[in-house]
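Student: Going down the list, the sequences are from chains A and B.
Read in order, the letters of the first sequence are residues 93 to 451 in this note's numbering.
Read in order, the letters of the second sequence are residues 39 to 270 in this note's numbering.
Heads up, the beta-carbon is just placed ideally off N, CA and C, and yes, glycines get one too.
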Amino acid sequence: MTLTVDIRLARPGFSLDVAFAAPPGVTALFGRSGAGKTTVVQAVAGLVRPDAGTITLGDRALLSPAGAVPPHRRRIGYVFQDARLFPHLNVRRNLGYGRWFARGRALAEPGPVIEMLGIGALLDRPVGGLSGGERQRVALGRALLSGPELLLMDEPLAALDQARKDEILPYLERLRDELRLPILYVTHSAAEVARLATTVVVLEAGRVAVAGPVAEVLSDPGAGAALGLRELGAVIEARLAGQEPDGLSRLSISGGTLLLPRIEAAPGARLRVRIHAEDVMIARAVPGAISALNVLPAVVESLRLGEGPGALVRLRIGQDRILVRLTRRSALALELAPGLACHAVLKSVAVAKGDIGSG
Amino acid sequence: MTDWLTPEEWQAVILSLQVSALAVAASLPLGILVAWALARRRFWGHGLLNGLVHLPLVLPPVVTGYLLLLSFGRRGPVGAFLHDWFGIVFAFRWTGAALAAAVMAFPLMVRAIRLAFEAVDRGVEEAAGTLGAGPAWVFLTVTLPLILPGVVAGAILAFAKAMGEFGATITFVSNIPGQTQTLPSAIYALLQVPGGEDRAGRLVMISVGVAMVALALSEWVGRRVARRISGR
Numbered sequence: 093m094t095l096t097v098d099i100r101l102a103r104p105g106f107s108l109d110v111a112f113a114a115p116p117g118v119t120a121l122f123g124r125s126g127a128g129k130t131t132v133v134q135a136v137a138g139l140v141r142p143d144a145g146t147i148t149l150g151d152r153a154l155l156s157p158a159g160a161v162p163p164h165r166r167r168i169g170y171v172f173q174d175a176r177l178f179p180h181l182n183v184r185r186n187l188g189y190g191r192w193f194a195r196g197r198a199l200a201e202p203g204p205v206i207e208m209l210g211i212g213a214l215l216d217r218p219v220g221g222l223s224g225g226e227r228q229r230v231a232l233g234r235a236l237l238s239g240p241e242l243l244l245m246d247e248p249l250a251a252l253d254q255a256r257k258d259e260i261l262p263y264l265e266r267l268r269d270e271l272r273l274p275i276l277y278v279t280h281s282a283a284e285v286a287r288l289a290t291t292v293v294v295l296e297a298g299r300v301a302v303a304g305p306v307a308e309v310l311s312d313p314g315a316g317a318a319l320g321l322r323e324l325g326a327v328i329e330a331r332l333a334g335q336e337p338d339g340l341s342r343l344s345i346s347g348g349t350l351l352l353p354r355i356e357a358a359p360g361a362r363l364r365v366r367i368h369a370e371d372v373m374i375a376r377a378v379p380g381a382i383s384a385l386n387v388l389p390a391v392v393e394s395l396r397l398g399e400g401p402g403a404l405v406r407l408r409i410g411q412d413r414i415l416v417r418l419t420r421r422s423a424l425a426l427e428l429a430p431g432l433a434c435h436a437v438l439k440s441v442a443v444a445k446g447d448i449g450s451g
Numbered sequence: 039m040t041d042w043l044t045p046e047e048w049q050a051v052i053l054s055l056q057v058s059a060l061a062v063a064a065s066l067p068l069g070i071l072v073a074w075a076l077a078r079r080r081f082w083g084h085g086l087l088n089g090l091v092h093l094p095l096v097l098p099p100v101v102t103g104y105l106l107l108l109s110f111g112r113r114g115p116v117g118a119f120l121h122d123w124f125g126i127v128f129a130f131r132w133t134g135a136a137l138a139a140a141v142m143a144f145p146l147m148v149r150a151i152r153l154a155f156e157a158v159d160r161g162v163e164e165a166a167g168t169l170g171a172g173p174a175w176v177f178l179t180v181t182l183p184l185i186l187p188g189v190v191a192g193a194i195l196a197f198a199k200a201m202g203e204f205g206a207t208i209t210f211v212s213n214i215p216g217q218t219q220t221l222p223s224a225i226y227a228l229l230q231v232p233g234g235e236d237r238a239g240r241l242v243m244i245s246v247g248v249a250m251v252a253l254a255l256s257e258w259v260g261r262r263v264a265r266r267i268s269g270r
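(1) Do you know how far the Cα of V306(A) is from the Cα of G451(A)?
(2) Measuring alpha carbon to alpha carbon, tell me which of G233(A), R217(A), W192(A), N182(A) ends up nearest G203(A).
(3) Report the residues of the segment 151-177 of chain A with a CB closer than 9 angstroms to any CB of chain B, ordered along the chain.
(4) For the alpha helix (DSSP H) that contains F119(B), what are its first and last residues?
(5) For a test of the three-state rule: what should DSSP assign to R124(A), helix, strand or coil?
(6) Return the bridge partner residues of H368(A) from the DSSP annotation.
(7) Taking C-beta to C-beta, are I409(A) and I345(A) nearer than 9 angstroms?
(8) Please list, in chain order, the residues of the segment 185-214 of chain A that have any C-beta partner in chain B closer than 7 angstroms.
(9) Is there a Cβ of chain B sitting closer than 9 angstroms to that of P142(A), yes or no?
(10) Name the chain B residues whose beta carbon is nearer than 9 angstroms to that of R234(A)?
(11) Should A189(B) be flagged as near chain A, meaning a C-beta pair shorter than 9 angstroms?
(12) In this structure, does DSSP put M39(B) in helix, strand or coil?
(13) Quick check: the Cα distance between G298(A) and G123(A), rounded to an integer number of angstroms?
(14) Could you name the residues of the segment 246-264 of chain B whose beta carbon sits closer than 9 angstroms to any beta carbon of chain A, in the order they occur along the chain?
(15) At the level of alpha carbons, what is the spacing between L87(A) and A377(A)?
(16) Skipping 5 residues on each side, what residues in its chain have a beta carbon closer than 7 angstroms to that of L415(A)?
(17) When you compare the CB positions of A235(A) and G188(A), do they come within less than 9 angstroms of one another, or not?
(18) Per DSSP, which one or two residues make a beta bridge with R408(A)?
(19) Using 9 angstroms as the threshold, is the C-beta distance between I168(A) and G138(A) below it?
(20) Does the distance from the C-beta atom of A50(B) to that of S223(B) stay below 9 angstroms?
(21) When the Cα atoms are used, what is the spatial distance from G360(A) to E329(A)?
(22) What residues of chain A sit near L184(B), judged by a beta carbon separation below 9 angstroms?
(23) Can you name, in chain order, every residue of its own chain whose Cβ lies under 8 angstroms from the Cβ of E235(B), other than the five neighbours on each side?
(24) State yes or no: is the beta carbon of S238(A) nearer than 9 angstroms to at least one beta carbon in chain B?
(25) Beta carbon of V293(A), beta carbon of A282(A): below 9 angstroms?
(26) Considering K445(A), what are the terminal residues of the beta strand (DSSP E) in which it resides?
(27) Taking 9 angstroms as the CB-CB cut-off, is L288(A) touching chain B?
(28) Check I208(B) in the structure and name its three-state DSSP category.
(29) Contact between the segment 426-442 of chain A and the segment 181-192 of chain B: three or more CB pairs below 8 angstroms?
(30) For the pair the segment 90-101 of chain B and the segment 245-265 of chain B, tell me if three or more CB-CB distances fall below 8 angstroms.
(31) By the 7 angstroms beta-carbon criterion, what residues does the segment 121-149 of chain A contribute toward chain B?
(32) Report yes or no: do three or more beta-carbon pairs, one from the segment 129-144 of chain A and one from the segment 96-112 of chain A, lie closer than 8 angstroms?
(33) For L66(B), which option in G205(B), L195(B), M250(B) has the closest C-alpha, if you only look at C-alpha atoms?
(34) Considering T168(B), what are the terminal residues of the alpha helix (DSSP H) in which it resides?
(35) Assuming A231(A) and R266(A) are in contact, meaning their beta carbons sit under 8 angstroms apart, how far apart are those beta carbons, in whole angstroms?
(36) DSSP has V302(A) in a bridge; who is on the other side?
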């Protein structure tokens with residue numbers, strides 16, 4: 093099921109004019125505060141009425157010139173940044189609230205959802221005593237159990253500290269991989285985009301700046317302005333090939349093998365690997381004595397010299413593309429040009445579970 | 039029933055409880071509706087409705103009673119209509135005392151409930167909507183439980199106010215023992231006759247007792263309900 097959004101809205105001091113399609117999988121709405129991410133999500137949920145436009149989910153028109161479907165008939169689960177649990181109901185009743193209104197529709201069994209989110213022990217607790225991470229998991233379960241055809245998540249991790257984020261991210265990954273449910277995920281964290289998203293829509297001041305599959309957008313030199321240069325990088329798919337006796341894990345990617353600190357996963361597990369543009373160096377020849385473990389043969393695909401002292405180079409390693417940020421001076425000194433064979437030296441690599449772009 | 043209250047005095051106490059209970063029970067649904075409209079809706083005449091609700095709080099009670107007599111009296115426009123069409127009579131009946139008490143207590147009730155409405159997190163209501171609850175269900179399953187402490191506090195406050203209502207009652211329905219003589223009216227009547235202070239004193243103590251119990255009850259219920267809905 094695909095969500096298509098094409099809406100316009102004007103408010104004093106703010107205007108929104110966005111059009112994008114969210115295919116199955118996780119579509120990240122990425123942008124700074126005030127870019128209009130939440131407004132888009134609220135319009136999809138029906139909590140904000142755009143001035144004009146259309147919103148379609150599968151073959152259902154949620155907003156059209158003929159009118160708008162009221163929020164309670166949209167069958168869209170919404171996980172709010174602040175959870176918004178019902179304070180007068182305990183966890184079990186919060187989880188069951190939506191089911192009551194969804195009679196006659198096929199619903200997810202509560203058991204597996206509760207187990208997947210790890211909230212089985214909380215069922216009889218009042219919601220007032222839950223931690224931030226627990227609240228978000230209950231809110232997620234509540235939305236899932238209402239039988240939605242689309243899940244909206246508005247910065248579900250923003251109010252949490254890093255430890256709580258790390259607690260919830262694995263659940264979101266499982267959600268993405270185990271449920272065939274399209275998810276629209278609002279975030280201003282490029283790390284979350286790289287870890288979770290299949291598609292990314294970058295919003296800037298109420299307009300779509302860049303949109304596309306996550307691997308393409310994050311490694312698109314032209315997206316640097318919208319994403320922030322520090323966030324540029326590649327997201328590529330890897331498989332766990334084996335464990336080394338000295339505590340390292342061997343990952344196979346299309347262009348070779350990566351050695352990384354031990355990753356706990358089954359052999360053959362699909363992993364997504366994020367390589368920041370800042371964490372890659374380029375060498376014309378195979379570097380001899382060097383501390384970096386991961387040196388891969390690569391071909392320069394494109395070169396982009398900025399206005400300032402920086403440059404962005406896109407390399408192809410096997411089937412994958414990675415982005416390298418270096419100085420203009422280095423780029424000229426190495427005489428980099430499209431088609432040139434070289435070596436990429438990876439200083440640091442982040443790994444998360446799951447695949448990319450498979451929906 | 040007791041030997042320390044005469045039958046007439048006992049009657050006044052019972053009548054007062056009866057009048058106050060009816061006044062609160064009958065005006066509570068309207069009180070919730072008006073509080074909701076004032077808290078949640080912006081409409082033409084918002085200020086007018088607000089002023090009208092609060093009028094009995096600032097008018098001399100005798101004026102309120104007189105206005106009730108003019109409109110709900112048997113020759114008043116509303117009173118004549120109700121009598122001719124439904125056979126309902128307010129003037130000089132205990133139901134009239136309840137009407138007077140309800141009107142006088144209404145501002146207190148509405149204020150308490152309106153504050154409760156304003157304190158409800160609209161975001162939680164939106165969440166209920168996204169989970170499939172239509173507006174009426176949202177109100178019944180989310181809003182109403184969350185404003186319950188305010189409703190209870192408003193009802194108890196209104197009950198206490200109704201127990202003490204005197205000016206509008208005596209003006210509208212007079213002071214007929216067994217019919218419209220409520221506790222305050224009885225105290226007033228006793229104080230008018232020589233040597234009535236002792237008997238008045240007992241009724242005063244009952245008044246004080248009822249008021250204290252009402253306040254304690256409202257505290258207790260309020261705290262209990264607040265704890266329940268805060269989710270702890």
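Tutor: Working from what's here:
(1) Any reading at G451(A) needs caution, since the residue's pLDDT is 34, under 50, leaving its predicted position unreliable; the model's value is listed next. Cα to Cα, G451(A) sits roughly 12 angstroms from V306(A).
(2) G233(A)
(3) P162, P163, H164, R165, R166, R167, I168, G169, Y170, F172, D174, A175, R176, L177
(4) 115-124
(5) coil
(6) G325(A)
(7) yes
(8) Y189, G190, F193, A194
(9) no
(10) A165, L169
(11) The sequence given here has Val at residue 189(B), not Ala. V189(B) does not count as touching chain A.
(12) Model confidence at M39(B) stands at a pLDDT of 45, short of 50, so the residue's coordinates are unreliable; what they give is reported in the following sentence. Of the three classes helix, strand and coil, the one that applies to M39(B) here is coil, per DSSP.
(13) 10 angstroms
(14) none
(15) Since the first residue shown for chain A is 93 and the last is 451, residue 87(A) is missing from the structure and cannot be characterised.
(16) S311, P313, L324, G325, A326, A369, L404, R406
(17) no
(18) V391(A), R413(A)
(19) yes
(20) yes
(21) 12 angstroms
(22) F178, P179, H180
(23) L228, L229
(24) yes
(25) no
(26) 442-445
(27) no
(28) helix
(29) no
(30) no
(31) A137, L139
(32) yes
(33) L195(B)
(34) 160-168
(35) Wrong, their Cβ atoms sit about 16 angstroms apart, outside the cutoff.
(36) V294(A)
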